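Chains Z and U supply the protein sequences, listed in that same order. The numbering used here runs 10 ahead of the 1-based position in the first sequence. The numbering used here runs 132 ahead of the 1-based position in the second sequence.
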Amino acid sequence: CRASSEESQLTASAKLEPGPEPWSLLQPVDGDPRSDLLPPLFKVLSGSRSGPPRLQPDSRALHYMKKLYKTYATKEGIPKSSRSHLCNTVRLFTPYPLKKYASGDQETGIFPPADLLFNLDRVAAVERLLKSVLLYTLNNSVSFPSAGKCVCSLVLTEPRASGKTPPRGPYSVTSSSQLELRKNSRWIEVDVTSLLQPLVAASQRSIHMSVNFTCPTDPPKHVAEAREGLFGSLLRVPPSLLLYLNDTSAQAHHGWYSFRYSKRSPRRPGQRQGVAACPARQGPAQGRRAPCPRPRPRLRR
Amino acid sequence: GRETLGPKPRKPLVPAPFHHSEHFKRFLFPHDDECELRDFRLSFRQLRWDHWIVAPQRYNPRYCKGDCPRAVRHRYGSPIHTMVQNIIHEKLDAAVPRPSCVPAAYNPLSVLTIEPDASIAYKEYENMIATRCTCR
């Protein structure tokens with residue numbers, strides 16, 4: 011309600027004197043001005059011209075996210091209730107390649123270490139990380155006869171140390187990833203959740219990592235040929251970083267929450283129609299309520 | 133429709149003519165000017181947002197418009213306060229406004245946006261499409 015009273019003051023003040031842009035004064039309730047529809051909405055209401063031209067994203071990344079959108083929502087934009095996962099936010103970041111992205115050594119099947127810097131500034135403090143993957147795009151779809159097995163080692167290096175904190179040495183996490191390649195697959199996902207979880211939780215905004223693949227050097231012939239096609243199309247494009255998040259703020263949709271608490275608890279015979287024990291549709295971010303207390307079984311008379 | 137009983141010679145009680153069919157029709161088929169949900173389809177291009185909102189192409193937030201009938205409980209699930217407010221407006225003080233026709237329930241909306249740093253975000257926002265109206 012704080013936001014609504016501010017809104018009424020703002021619209022009132024916007025009528026009285028020109029003052030600053032009304033939308034720039036209102037901070038969303040969770041205090042995070044970044045990940046929100048409100049600022050652009052107020053910009054339109056205040057009639058100011060649209061903001062600075064935006065950088066355009068990578069076309070392959072945009073293609074992937076449009077496919078994800080069609081999977082998650084209907085044509086009218088309504089989230090599909092058939093989805094079981096908790097995430098209500100998915101963010102895709104393309105890296106700032108620190109040096110020219112070299113092509114790998116196809117004989118030994120070793121990819122070059124890709125040195126990548128991701129800026130996660132758009133991740134809001136209210137967004138909790140659920141899953142994170144590196145997304146490799148294949149220029150053309152490669153049909154792999156069977157799932158390839160490669161070890162992917164990820165080395166996280168401390169970003170440019172600020173004056174205060176002493177720079178930590180680079181530390182590495184080796185995660186062996188099964189490269190699942192389905193027929194005509196266009197993308198390869200490498201799970202990096204365990205690596206990024208602590209960093210995103212600590213609100214680290216800049217992730218500097220180098221990725222190194224090593225695959226078995228004596229694969230059967232048919233796998234070697236398919237892998238040839240894979241390397242040929244895989245090595246030219248640095249991977250994107252995909253974050254599956256749960257936005258815990260009030261204005262985000264919590265489909266799993268309303269689904270879970272909207273189910274009627276089965277009424278036992280003789281039980282009177284009581285008031286719902288739980289607050290209806292209380293968003294998890296507005297005042298952390300304990301999960302719905304289980305009603306005590308009524309004693310039969 | 134009941135006659136008020138008074139000193140007048142007692143006439144047999146004859147209820148005022150009550151057109152059941154009229155009332156029933158009005159109950160089931162509200163007039164066009166009554167409070168109900170209406171469509172408003174907009175494209176983000178009209179708001180000059182199409183350079184950063186990639187999907188959905190069209191957005192129908194819907195809205196509520198119309199007069200609130202006097203007996204609001206049966207159709208709009210309004211609290212008794214709404215009828216009290218109506219009576220105050222009609223009998224006591226017209227400065228007190230009639231109940232308003234407002235949304236009572238919403239659907240969320242999924243939005244695909246291009247962020248200022250060229251990253252791409254899929255987000256689901258609560259309360260973006262009105263699905264039911266009420267009088268309050």
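We put the CB at the ideal spot given by N, CA and C, even for glycine. Keep in mind the model is a prediction, meaning the values are calculated, not measured.
Cβ proximity to chain Z below 8 Å picks out N239, P240, L241, S242, V243, L244, I246, E247, P248, D249, A250, S251, I252, A253, Y254, K255, E256, Y257, E258, N259 from the region 239 to 259 of chain U. Inter-residue distance for P231/U and N218/U is about 7 Å (C-alpha atoms, whole angstroms). When the Cα atoms are used, L244/U and R268/U turn out to be separated by approximately 34 Å. With a 10 Å radius around the Cβ and a threshold of 16 neighbouring Cβ atoms, D171/U comes out exposed. About 15 Å separates the beta carbons of I252/U and A134/Z, which is beyond the 8 Å limit, so they are not a contact pair.
When C-alpha distances from E166/U are compared across V234/U, P229/U, E247/U, Q178/U, the shortest belongs to V234/U.
DSSP places V210/Z outside any beta strand (DSSP E); the residue lies instead in the alpha helix (DSSP H), whose first and last residues are 203 to 211. Its Cα nearest to that of P89/Z, the residue K255/U stands out among E222/U, D164/U, K255/U, P193/U. Burial check for V216/U: the Cβ neighbour count within 10 Å stays below 16, so the residue is exposed. Comparing alpha-carbon positions, the option among P249/Z, P208/Z, V100/Z lying closest to V221/Z turns out to be P249/Z.
Here the alpha carbons of E199/Z and E86/Z stand approximately 29 Å from one another. Against Y191/U, the close residues of chain Z are G87, in the order they occur along the chain (beta-carbon pairs closer than 7 Å). For A187/U, a Cβ of chain Z is located within less than 8 Å of the residue's own Cβ. About 19 Å separates the CB atoms of V136/Z and L252/Z; that is not less than 8 Å, and the two are not in contact.
For Y82/Z, the nearest CB of chain U lies under 8 Å from its own CB, placing it at the interface with that chain.
A distance below 8 Å separates the beta carbons of A211/Z and L139/Z. Within the same chain, no Cβ atom closer than 7 Å to the Cβ of Y79/Z is found once the five residues on either side in sequence are excluded. The beta-carbon separation of Q261/Z and E258/U, rounded to 6 Å, stays under the 8 Å limit for a contact. Short of 7 Å from the beta carbon of K141/Z, and not among the five residues preceding or following it, lie these beta carbons of its own chain, in chain order: T203, Y254. F176/U and Y195/U do not touch by the CB rule: their CB atoms are close to 17 Å apart, not below 8 Å. When Cβ-Cβ separations below 8 Å define contact, Q66/Z makes contact with chain U.
Counting along the chain, A262/U sits inside the beta strand (DSSP E) bounded by residues 252 to 267. Bounds of the beta strand (DSSP E) holding V243/U are 233 to 246.
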